[in-house]
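Peer 1: Going down the list, the protein sequences come from chains L and Y.
For the first sequence, counting from 1, position 1 maps to 4 in my numbering; every step adds exactly one.
For the second sequence, counting from 1, position 173 maps to 176 in my numbering; every step adds exactly one.
Protein chains: 2
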Amino acid sequence: MASSIHDLARHLNISIGTVSRALNGRADVNADTRQRVLEAAKKLNYSPNQSGRSLRRGSTHSIAFMLQPHPGDQQYGEPFFIPFLTGLQARLAESGLDLIVVMGAPGDYQQERLRRVVETRRADAVVLAWTRREDERIDYLTEAGFPFATLGRSRSGGTAYPSLDLDFEKAGADAVDRLVARGHRRIAAIRPSLDLNFGYLFLDGYRKALRRHGIEVDPGLIADGFINEAGGYSVTPRVMLAKDRPTAIIFNNDAMALGGCKALAEMGIRPGKDMAVIVIVDTPLCRYFSPALTAFRPALEPMGQRLAEMLLASLPAFAGEEGPRTIREVWPLELIARESD
Amino acid sequence: MASSIHDLARHLNISIGTVSRALNGRADVNADTRQRVLEAAKKLNYSPNQSGRSLRRGSTHSIAFMLQPHPGDQQYGEPFFIPFLTGLQARLAESGLDLIVVMGAPGDYQQERLRRVVETRRADAVVLAWTRREDERIDYLTEAGFPFATLGRSRSGGTAYPSLDLDFEKAGADAVDRLVARGHRRIAAIRPSLDLNFGYLFLDGYRKALRRHGIEVDPGLIADGFINEAGGYSVTPRVMLAKDRPTAIIFNNDAMALGGCKALAEMGIRPGKDMAVIVIVDTPLCRYFSPALTAFRPALEPMGQRLAEMLLASLPAFAGEEGPRTIREVWPLELIARESD
DNA sequence: TGTGTCCTCGTAAACGTTTACGGAAAAACG
DNA sequence: CGTTTTTCCGTAAACGTTTACGAGGACACA
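(1) Quick one: list the residues of chain Y neighbouring ASN231/L, beta-carbon separation under 8 Å, in chain order.
(2) With a CB to CB cut of under 6 Å and the five nearest residues on each side skipped, what residues in its chain are close to THR239/L?
(3) What is the DSSP secondary structure of ALA132/L, counted as helix, strand or coil?
(4) Of the residues GLN38/L, MET306/L, GLY107/L and ALA43/L, which one's Cα is nearest the Cα of ALA67/L?
(5) With DSSP collapsed to three states, give me the class of ASP76/Y.
(6) Within a Cβ cutoff of 6 Å, which residues of the same chain sit near GLU304/Y, ignoring the five residues on either side of it in sequence?
(7) If PRO301/L and VAL284/L are in contact, beta carbons under 8 Å, what's the gap, nearest whole angstrom?
(8) Does the beta carbon of ILE272/Y sit closer than 8 Å to a beta carbon anywhere in chain L?
(9) Considering only their Cβ atoms, is the gap separating ASP221/L from ALA245/L smaller than 8 Å?
(10) Given this structure, state the Cα-to-Cα distance separating ILE230/Y from THR145/Y, to the nearest angstrom.
(11) Going by Cα to Cα distance, which pick from ASP168/Y, ARG124/Y, GLY175/Y and LEU47/Y is closest to ARG135/Y?
(12) Quick one: list the residues of chain Y neighbouring LEU338/L, beta-carbon separation under 8 Å, in chain order.
(13) How long is the line joining the alpha carbons of ALA34/L and ARG56/Y, rounded to whole angstroms?
(14) So, under 8 Å CB-CB, ALA212/L and ASP344/L are touching, yes? Tell me the CB distance rounded to an integer number of Å.
(15) Could you tell me the distance, in whole angstroms, from the CA atom of LEU95/L to the CA atom of PHE149/Y?
(16) How would you write the range of the alpha helix (DSSP H) that GLY90/L sits in, first residue to last?
(17) Hey, how far is the Cα of ASP277/Y from the Cα of PRO109/Y?
(18) How is the beta strand (DSSP E) around SER57/Y delimited, first residue to last?
(19) With a cut-off of 8 Å, do at least 3 Cβ pairs link the stretch 124-142 of chain L to the stretch 188-208 of chain L?
(20) Quick one: does GLN92/L have its CB under 8 Å from some CB of chain Y?
(21) Taking three-plus beta-carbon pairs below 8 Å as touching, is the stretch 40-59 of chain L in contact with the stretch 119-126 of chain Y?
(22) If contact means a Cβ-Cβ distance below 8 Å, which residues of the stretch 94-123 of chain L contact chain Y?
(23) What do you get for ILE8/Y, buried or exposed, if any count of 16 or more other CB atoms within 10 angstroms of its CB means buried?
(24) List the residues of chain Y that ARG210/L touches, going by C-beta distances under 8 Å, in chain order.
(25) Write down the C-beta distance between ALA176/L and GLY202/L rounded to the nearest angstrom, noting that I regard them as a contact closer than 8 Å.
(26) Using the three-state DSSP reduction, which class does PHE254/L fall into: helix, strand or coil?
(27) Pull out every residue of the stretch 237-248 of chain L whose Cβ sits closer than 7 Å to any Cβ of chain Y, in chain order.
(28) Which residues in the same chain as LEU15/L place their Cβ atom closer than 8 Å to its Cβ, once the five residues preceding and following it in sequence are excluded?
(29) Out of GLU172/L, GLY160/L and ARG273/L, point me to the one whose CA is closest to ASN255/L's CA.
(30) Using 8 Å as the threshold, is the C-beta distance between LEU261/Y and PHE299/Y below it?
(31) For chain Y, is any of its Cβ atoms less than 8 Å away from the one on THR63/L?
(32) Quick check on the burial criterion: 16 or more other C-beta atoms within 10 angstroms. Buried or exposed for ALA163/L?
(33) Is the beta carbon of MET259/L less than 8 Å from the beta carbon of ILE193/L?
(34) Counting only runs of 3+ residues fully inside the stretch 189-234 of chain Y, write out the beta strand (DSSP E) ranges in chain order.
(35) Got a sec? Which residues, its chain only, sit under 8 Å from MET275/Y by beta carbon, not counting five neighbours each side?
(36) Using a Cβ-Cβ cut-off of 6 Å (strictly less than) and excluding sequence neighbours within five positions of THR63/L, which residues of its own chain qualify?
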């Protein structure tokens with residue numbers, strides 16, 4: 004059914020070697036012959052068998068992105084990733100690479116899937132997201148000598164891999180600055196409970212900024228929960244119990260903010276009026292919520308493109324294609340002022 | 004670096020044929036030998052090269068899910084798909100299959116990517132989502148004789164493929180019934196502008212139910228827009244311009260509902276008080292919105308599992324594993340009554 | 001004509017598996 | 001002990017590519 008390079012060769016009365024060379028654009032083939040091969044390939048609807056090719060070449064010409072649902076009830080996904088993946092895929096496609104997303108089961112934290120991808124050589128490199136403070140995946144990959152790049156920083160694995168992250172520290176600080184400038188001094192922070200690195204970075208920025216303003220950090224105003232609507236909903240009331248109520252809340256995640264605002268609404272507290280609310284990572288949800296939530300927006304699609312570039316530059320097969328080989332980059336988050344603070 | 008079956012054979016002083024047979028659980032190998040092979044495999048951290056294996060077997064042992072961002076500004080993704088994919092992946096993993104998600108560029112409607120997957124034989128079968136009324140992907144796959152299954156119905160390609168869909172028709176009708184029972188007669192419907200089949204099905208149910216109640220269908224109460232927050236936001240005001248204002252709106256999508264509620268809020272109209280709102284496909288957003296939105300909930304994860312089963316049953320290599328081979332199933336949507344209607 | 005260079009192509013090996021086939025040894029059977 | 005069956009394993013081909021190597025012919029040059 005599927006036509007192979009042999010069919011093509013037979014059809015043209017030339018050897019498979021020549022066909023292959025013609026298709027792969029090598030120099031040592033007559034321009035005329037190449038033309039005929041290309042035409043025949045189109046006519047016979049030929050396209051090379053990926054397995055045969057990658058077996059011979061030792062590379063799969065595809066990059067794997069590890070997507071994994073977090074544990075927790077009703078785990079819907081991260082709308083977040085789609086624009087990022089769009090950028091990633093666009094840039095990879097430019098270099099003829101395919102992007103495949105491998106799904107993991109919720110909660111297993113991908114170790115198993117990752118091993119599978121690496122060991123069966125399904126991809127030439129992987130892209131990790133949601134890096135943790137100490138990330139065993141990174142340790143595993145560096146030890147295995149498998150090429151990878153990360154969306155997000157980590158303390159694991161040295162620095163010998165490309166990584167791209169958002170400046171959550173600065174965003175946390177900026178949020179505090181903004182709120183302080185508007186007269187707030189009781190500022191709560193709500194972040195994910197997992198040891199996702201961006202949660203730490205955010206809190207660091209938050210703490211430092213408070214101290215800079217001479218405001219004591221009150222542990223009663225800091226809480227963490229599942230990184231979804233339910234988490235925000237269940238944990239927000241906790242900071243409202245502080246002896247001295249907060250007048251502002253910074254949410255480290257849009258879904259948590261949604262849940263948190265729900266909790267506030269049930270307490271009769273109106274975001275943007277009775278309580279200032281700022282969200283660290285903007286999504287369409289923030290914009291269309293009522294009141295529209297002030298949030299920090301990342302440039303997700305360009306980030307995807309950039310990380311693809313960085314990864315490509317780190318791959319021997321593609322090295323030299325790009326100029327600078329920056330290893331780690333931290334991108335700013337842009338404040339979008341809306342109505343909630 | 005990576006150990007091959009030859010290393011294993013050399014290490015054990017037996018032939019590669021025996022190693023392969025031992026690993027693949029064939030009968031004609033001594034229990035003792037098999038044991039030794041398995042141990043050595045674990046010790047040498049051997050796992051078979053996927054390319055070699057699939058080249059020989061002619062199958063990749065993986066299923067592709069085609070994920071594609073829709074055109075439109077700020078296209079964030081569908082949280083929707085994650086639970087579905089989780090179920091799909093879980094069931095496929097049970098049969099030793101990998102799930103890979105293939106990203107397309109926004110707007111190209113996947114034809115190109117799909118061809119690529121099929122022609123390079125990257126997967127043994129594909130799963131399509133967001134089926135259209137007439138779906139060229141389905142035509143292509145049936146013509147190519149490539150195995151596939153769809154999440155969603157279509158009029159294309161006959162019925163010789165497994166498909167699983169939600170009963171949008173009934174949900175549309177149920178929503179109308181519920182609103183009519185509560186005294187509404189001016190009921191608007193807002194749905195995606197693309198020719199996604201579920202938009203049609205929903206509208207069909209909506210229309211039929213209205214007629215059944217003796218209510219004339221007013222085209223001024225039906226509108227469509229981009230299937231995202233912006234679409235809902237921009238299109239909702241249109242139905243408010245009808246000569247006789249609606250007292251209820253049914254949204255065919257949660258994101259559109261969010262945008263629509265925003266538009267209502269700006270007009271001083273409060274969902275659940277001044278306007279009844281029902282959403283057809285429930286997500287956490289609906290639950291945590293204020294007011295919580297009455298919505299119809301799908302069983303996404305079981306659906307993923309079920310579609311995987313149906314697909315497997317249709318594959319020659321797995322046939323007989325399952326009992327019944329239902330070709331098409333339509334699952335109900337469960338009404339979750341909340342505060343918005 | 002002899003020699004060397006260049007262009008183009010065919011040959012064959014290799015990538016890592018799986019599996020049909022056959023053969024040797026062991027077991028079963030009379 | 002001879003014959004048949006069974007058990008186990010090695011051999012080698014095949015899957016569809018890519019690519020190193022070398023050969024043949026054309027051409028240039030002396």
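Note that the Cβ used here is the ideal one computed from N, Cα and C, for glycine as well.
All figures in this text were calculated on a predicted structure; none of them were measured in a lab.
Peer 2: Taking the geometry as given:
(1) Translated into the one-based positions of the first sequence, residue 231/L becomes position 228. Correct list: PRO287.
(2) Here residue 239/L is taken as the residue at index 236 of the first sequence, counted from 1. The residues are GLY263 and ALA266.
(3) The count along the first sequence starts at 1 and reaches residue 132/L at position 129. It is a strand residue.
(4) Counted from its first residue, the first sequence places residue 67/L at position 64. Residue GLY107/L is the option with its Cα nearest to ALA67/L.
(5) In the second sequence, residue 76/Y corresponds to position 73, counting from 1. Note on ASP76/Y: pLDDT 49, under 50, position unreliable in the model; no value is reported.
(6) Position 301 of the second sequence, counting from 1, holds the residue named residue 304/Y. Answer for GLU304/Y: PRO86, THR89 and GLY90, listed in chain order.
(7) Counting from one through the first sequence, the residue named residue 301/L turns up at place 298. Counting from one through the first sequence, the residue named residue 284/L turns up at place 281. Indeed, because the Cβ distance is near 6 Å, the residues count as touching under 8 Å.
(8) In the second sequence, counting from the first residue as 1, residue 272/Y sits at position 269. So no, ILE272/Y is outside the interface.
(9) Here residue 245/L refers to the residue found at position 242 of the first sequence. Here residue 221/L refers to the residue found at position 218 of the first sequence. Yes.
(10) Locating residue 230/Y in the second sequence gives position 227, where the first residue counts as 1. Locating residue 145/Y in the second sequence gives position 142, where the first residue counts as 1. Near 28 Å, if we compare the C-alpha coordinates of THR145/Y and ILE230/Y.
(11) Taking the second sequence and counting its residues from 1, the one referred to as residue 135/Y is at position 132. Measuring from the Cα of ARG135/Y, the nearest candidate turns out to be ASP168/Y.
(12) Working through the first sequence from its first residue, we reach residue 338/L at position 335. Ordered by position in chain Y, no residue passes the 8 Å Cβ test against LEU338/L, which lies about 17 Å from the chain.
(13) Sequence index remark: in the first sequence, residue 34/L carries index 31 (1-based). Sequence index remark: in the second sequence, residue 56/Y carries index 53 (1-based). Their Cα atoms are separated by approximately 36 Å.
(14) Residue numbering aside, residue 212/L sits at position 209 when the first sequence is read from its first letter. Residue numbering aside, residue 344/L sits at position 341 when the first sequence is read from its first letter. Actually they do not touch by this definition, with Cβ atoms about 15 Å apart.
(15) Within the first sequence, residue 95/L is the residue found at index 92, counting from 1. Within the second sequence, residue 149/Y is the residue found at index 146, counting from 1. Roughly 26 Å separates the two Cα atoms.
(16) Position 87 of the first sequence holds residue 90/L. Looking at the DSSP string, the run of the alpha helix (DSSP H) that includes GLY90/L is 84-97.
(17) Mapped onto the second sequence, residue 277/Y falls at position 274. Mapped onto the second sequence, residue 109/Y falls at position 106. Cα to Cα, ASP277/Y sits roughly 37 Å from PRO109/Y.
(18) The residue you call residue 57/Y lines up with position 54 of the second sequence. Per DSSP, SER57/Y belongs to no beta strand (DSSP E); it is in the alpha helix (DSSP H), 53-60.
(19) yes
(20) Looking up residue 92/L in the first sequence gives position 89. By this cut-off, GLN92/L is an interface position.
(21) yes
(22) ALA96, ASP101, LEU102, ILE103, VAL104, VAL105, MET106, GLY107, ALA108, PRO109, ARG119, GLU122 and THR123
(23) One-based indexing of the second sequence puts residue 8/Y at position 5. Its Cβ being crowded by 16 or more others within 10 Å, ILE8/Y is buried.
(24) What you label residue 210/L is simply residue 207 of the first sequence in a count that begins at 1. Residues of chain Y passing the Cβ test: none, with the nearest at roughly 28 Å.
(25) One-based indexing of the first sequence puts residue 176/L at position 173. One-based indexing of the first sequence puts residue 202/L at position 199. The pair is not a contact, with the Cβ atoms about 15 Å apart (cut-off 8 Å).
(26) Your numbering for residue 254/L matches position 251 in the first sequence. PHE254/L: strand per DSSP, three-state reduction.
(27) none
(28) In the first sequence, the residue the question calls residue 15/L occupies position 12. Closer than 8 Å at Cβ, skipping near neighbours: VAL22, ARG39, VAL40 and ALA43.
(29) If you number the first sequence from 1, residue 255/L lands on position 252. The option with the nearest alpha carbon to ASN255/L is GLU172/L.
(30) By 1-based counting over the second sequence, the position of residue 261/Y is 258. By 1-based counting over the second sequence, the position of residue 299/Y is 296. No.
(31) Locating residue 63/L in the first sequence gives position 60, where the first residue counts as 1. Cβ-Cβ to chain Y under 8 Å: yes for THR63/L.
(32) Along the first sequence, read from residue 1 onward, the residue named residue 163/L stands at position 160. Exposed: under 16 other Cβ atoms inside 10 Å.
(33) By 1-based counting over the first sequence, the position of residue 259/L is 256. By 1-based counting over the first sequence, the position of residue 193/L is 190. Yes, these two residues count as a Cβ contact at 8 Å.
(34) 190-195 and 225-228
(35) For the purposes of this step, residue 275/Y is taken as residue 272 along the second sequence, with counting starting at 1. One detail in the question is off: residue 275/Y reads as Gly in this sequence, not Met. Result list for GLY275/Y: PRO294, GLU342, SER343 and ASP344, in chain order.
(36) Position 60 of the first sequence holds residue 63/L. So the list reads SER57, ALA126 and ASP127, once near-sequence residues are dropped.
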